[in-house]
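To start, the structure under review is shown below, and the notes come after it.
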Amino acid sequence: MATPAVVLLVLFLIVPVVLAFVLSFTNARLVSPNPPRFVGLDNFIRAFTQDPVFTRSALNTAIFAAVVVPVQAGFALFLAILVNQKIRGVVAFRVIFFIPVVTSIVVVSILWKFMYQDDGLINNAIDTLTFGAWSGTAWLQNPSTALGAIIVLSIWQAVGFHMLIWLSGLQTIPEELYEAARMDGAGTWQQFVNVTWPGLRSTMVFILVTITIAALGLFVQIDVMTQGGPVNSTTSLVYHAVRKGYREQETGYGAALSLIFFVAVLLIALLQRYLTRDKD
Amino acid sequence: MTSASTPATRAPAGPTRSERAVRRRRAVFLYVALGGIAIFFLFPLVFMFVSSFKPDSQILRDVSSVAAFLPVGDISLENYSGVFERVPVVRFLLNSVFVTVAIVGLGLIVNSMAGFALSRMRWRGRNLVFSVVIATLIVPFETIAVPMVFWVSKLPTLVMEGGVLKYDFGWLNSYHVQIIPFIANAFSIFLFAQYFSTIPKSLDEAARIDGAGWFTIYRRIVAPLAGPAFATVAILTFLPAWNQYLWPLMVVQQEELRPVMVGMQYFFQLNTAWGEVMAYTSLITLPVLIVFLSFQRAFVSSVAASGVKG
Numbered sequence: 170m171a172t173p174a175v176v177l178l179v180l181f182l183i184v185p186v187v188l189a190f191v192l193s194f195t196n197a198r199l200v201s202p203n204p205p206r207f208v209g210l211d212n213f214i215r216a217f218t219q220d221p222v223f224t225r226s227a228l229n230t231a232i233f234a235a236v237v238v239p240v241q242a243g244f245a246l247f248l249a250i251l252v253n254q255k256i257r258g259v260v261a262f263r264v265i266f267f268i269p270v271v272t273s274i275v276v277v278s279i280l281w282k283f284m285y286q287d288d289g290l291i292n293n294a295i296d297t298l299t300f301g302a303w304s305g306t307a308w309l310q311n312p313s314t315a316l317g318a319i320i321v322l323s324i325w326q327a328v329g330f331h332m333l334i335w336l337s338g339l340q341t342i343p344e345e346l347y348e349a350a351r352m353d354g355a356g357t358w359q360q361f362v363n364v365t366w367p368g369l370r371s372t373m374v375f376i377l378v379t380i381t382i383a384a385l386g387l388f389v390q391i392d393v394m395t396q397g398g399p400v401n402s403t404t405s406l407v408y409h410a411v412r413k414g415y416r417e418q419e420t421g422y423g424a425a426l427s428l429i430f431f432v433a434v435l436l437i438a439l440l441q442r443y444l445t446r447d448k449d
Numbered sequence: 026m027t028s029a030s031t032p033a034t035r036a037p038a039g040p041t042r043s044e045r046a047v048r049r050r051r052a053v054f055l056y057v058a059l060g061g062i063a064i065f066f067l068f069p070l071v072f073m074f075v076s077s078f079k080p081d082s083q084i085l086r087d088v089s090s091v092a093a094f095l096p097v098g099d100i101s102l103e104n105y106s107g108v109f110e111r112v113p114v115v116r117f118l119l120n121s122v123f124v125t126v127a128i129v130g131l132g133l134i135v136n137s138m139a140g141f142a143l144s145r146m147r148w149r150g151r152n153l154v155f156s157v158v159i160a161t162l163i164v165p166f167e168t169i170a171v172p173m174v175f176w177v178s179k180l181p182t183l184v185m186e187g188g189v190l191k192y193d194f195g196w197l198n199s200y201h202v203q204i205i206p207f208i209a210n211a212f213s214i215f216l217f218a219q220y221f222s223t224i225p226k227s228l229d230e231a232a233r234i235d236g237a238g239w240f241t242i243y244r245r246i247v248a249p250l251a252g253p254a255f256a257t258v259a260i261l262t263f264l265p266a267w268n269q270y271l272w273p274l275m276v277v278q279q280e281e282l283r284p285v286m287v288g289m290q291y292f293f294q295l296n297t298a299w300g301e302v303m304a305y306t307s308l309i310t311l312p313v314l315i316v317f318l319s320f321q322r323a324f325v326s327s328v329a330a331s332g333v334k335g
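Chains as they are written, first to last, in this note's numbering: chain X, 170 to 449; chain S, 26 to 335.
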């Protein structure tokens, strides 16, 4: 009874992975009269030595992940603690914080693109709040702010999902532990450090791994908002791989870029596993 | 989840006056914080819905004041009629509904069967298959997107040509290329296997004594007991299926076959008509929001279940 699923997984997961590996050593093109030719490590050498856009993409992706992972995980935990309080109407807030998650990232990117315009919502708000002292910038057209602007909307969109995961972790911590801590005279902060945080360990590993992998896959926001610009300040690994491998039809090179991305994902996932392993 | 919604007033009996004051101050602080954050989460969507009823010139004018979030001024459905003139919205919506229902529906059947085989049946190579399925969880779709386009463009397909059934190569521009690659899902299989293994095995044995085969046991005994697992998988696969973007962008060029997210592209020409953009994004967001708000309890527990690690 596992046959249909196994066949489908082999055809649409295992085969493409193997193909990514094989194609990355060839000069295959999507549409080409000539059959693919083996070119050895040429694609990889090209990526690392002759393609500054690739280097920039890798750097941007790393910056994006380095900011998004801790900030989103931390903000999500903060929200989870807020909506885990025993007060009336708190469920409504959980629902509200989750709404951006169900909104497509395509739609979200378009909305924020509009809000980030020079004469857009964000700059008008800044203008009002600072009484005209600071008037913002065209966030997505400015190479020094474009990536930051994309980081903000990315966190806004996905944080509700991880809030719910933290929340389910919080609710597995027995109330008696808090009572015992209070008996011992622990304040709010001490309760958090000694009861809450240790109780969230496995949740934390899961959240860090999922956010990291999602962050490394940065694509839609770039495609909809900036197409990698201005001056490559927002191009990402996946965006560059799709641009080369699909739009410019260089399947072999695109496959090599995808493979590099995959190895990065794998290494980081393993590293995180190792760093957050149970020490006892 | 129930404990969190218990009103604070029913907490321990007989708090002193100062304790009550502290608690009230804390509640006020919490509501202010939650309210402020709620505004941050809602304003872009409120802005989108409100703007979809305004002419372009007014959208740009209102941006500088609270009017951006209020349905004031020249309110009309003109943007919506503009959207219907510009693109086949109904077609796009139906395409997305069809593709989503097919992925979710077929996925429930295929993945639950696999989960059943991996958690309740004993067969040679079971552990190996299970490990491989789990290992594939680490492969992000983005890494295989480029080779996958290459791959599906070589797959054989049946076509009707002048009343004759022929076969051709290339899966591009079709519904099945948007559906079939996404039916089997390692995470769904994993969730089903986890849930099925909590159902007592003695039920299988009793049924086998009565002469039931594996398929009957799956269909008549295990599947009916696994409602929450089916709901969880349905919800977790529904959103990504509806939101597909990268894949249809690459493999579907034919307008009549495109899903809603790709339809977005028709709105960004030389002069972007923002009112129409807002109307279109409202149209494709509303169905999901309605589904979410009607089933929000199920959504919340599904996401919570996705964080449960094995």
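All residues carry an ideal CB built from backbone N, CA and C; glycine is no exception.
Quick one: what's residue i bridged to in DSSP?
i, result
"Phe-207/X", "Thr-195/X"
"Leu-182/X", "According to DSSP, which records beta bridges pairwise, Leu-182/X is partnered with nothing at all."
"Tyr-192/S", "Leu-183/S"
Give me the Cα-Cα distance between residue i and residue j, rounded to the nearest whole angstrom.
i, j, result
"Phe-194/X", "Gly-421/X", "7 angstroms"
"Phe-213/X", "Pro-165/S", "20 angstroms"
"Thr-168/S", "Trp-272/S", "12 angstroms"
"Leu-369/X", "Ala-323/S", "23 angstroms"
"Leu-274/S", "Val-287/S", "6 angstroms"
"Gln-390/X", "Phe-240/S", "44 angstroms"
"Val-184/S", "Lys-191/S", "5 angstroms"
"Ser-319/S", "Asp-99/S", "32 angstroms"
"Val-275/X", "Ala-349/X", "48 angstroms"
"Ile-246/S", "Ile-234/S", "14 angstroms"
"Pro-205/X", "Val-187/X", "15 angstroms"
"Ile-380/X", "Val-237/X", "8 angstroms"
"Ala-307/X", "Phe-65/S", "21 angstroms"
"Val-285/S", "Ile-309/S", "7 angstroms"
"Thr-125/S", "Val-325/S", "20 angstroms"
"Ile-429/X", "Lys-79/S", "47 angstroms"
"Val-362/X", "Tyr-347/X", "11 angstroms"
"Pro-265/S", "Ala-46/S", "47 angstroms"
When you compare the CB positions of residue i and residue j, do they come within less than 8 angstroms of one another, or not?
i, j, result
"Leu-250/S", "Ile-208/S", "no"
"Leu-309/X", "Thr-395/X", "yes"
"Ile-382/X", "Ala-327/X", "no"
"Met-284/X", "Ile-295/X", "no"
"Gln-203/S", "Val-277/S", "yes"
"Ala-227/X", "Pro-172/S", "no"
"Ile-342/X", "Thr-357/X", "no"
"Phe-217/S", "Gly-140/S", "yes"
Looking at chain S, is there any beta carbon in it that lies within less than 8 angstroms of the beta carbon of residue i?
i, result
"Ala-228/X", "The identity of residue 228/X in the sequence shown is Leu, whereas the question assumes Ala. Chain S contact via Cβ: absent."
"Ser-337/X", "yes"
"Asp-449/X", "Bear in mind that the predicted position of Asp-449/X carries a pLDDT of just 49, short of 50, making it too unreliable to give a figure here."
"Asp-288/X", "yes"
"Thr-420/X", "yes"
"Ala-171/X", "yes"
"Phe-181/X", "yes"
"Ile-382/X", "yes"
"Leu-444/X", "no"
"Asn-203/X", "no"
"Phe-330/X", "yes"
Just the chain S side, please: which residues come within less than 7 angstroms of residue i by C-beta, in chain order?
i, result
"Trp-281/X", "Pro-69"
"Tyr-415/X", "Val-171, Val-174, Met-275"
"Met-284/X", "Pro-69"
"Gln-254/X", "Leu-55"
I'd like to know whether the C-beta of residue i is nearer than 8 angstroms to at least one C-beta of chain X.
i, result
"Phe-240/S", "yes"
"Phe-175/S", "yes"
"Tyr-220/S", "no"
"Ser-43/S", "no"
"Trp-299/S", "yes"
"Pro-96/S", "no"
"Ala-329/S", "yes"
"Ser-30/S", "Legend: pLDDT at Ser-30/S = 45, less than 50; position of this residue unreliable, value from coordinates given subsequently. For Ser-30/S, the answer is yes, since a Cβ of chain X falls inside 8 angstroms of its Cβ."
Residues of chain S with CB closer than 8 angstroms to the CB of residue i, please, in chain order.
i, result
"Ser-427/X", "Glu-167, Thr-168, Ile-169, Ala-170, Val-171, Pro-172"
"Arg-263/X", "Val-325"
"Ile-274/X", "Asn-268, Tyr-270"
Following a CB-centred definition, is residue i positioned closer than 7 angstroms to any heavy atom of the ligand COA?
i, result
"Asn-203/X", "Absent from the structure shown: the ligand COA. Ligands present: none."
Counting only Cβ pairs nearer than 7 angstroms, list the residues of chain X close to residue i.
i, result
"Phe-123/S", "Within 7 angstroms Cβ-Cβ: nothing; Phe-123/S doesn't reach chain X, min ~17 angstroms."
"Ile-224/S", "Within 7 angstroms Cβ-Cβ: nothing; Ile-224/S doesn't reach chain X, min ~16 angstroms."
So which residues on chain C does residue i lean against when the C-beta distance must stay under 7 angstroms?
i, result
"Gln-83/S", "Of the protein chains in the structure, X and S, none is chain C."
Under 9 angstroms Cβ-Cβ, which residues of chain X neighbour residue i?
i, result
"Leu-314/S", "Ile-268, Val-271, Thr-272"
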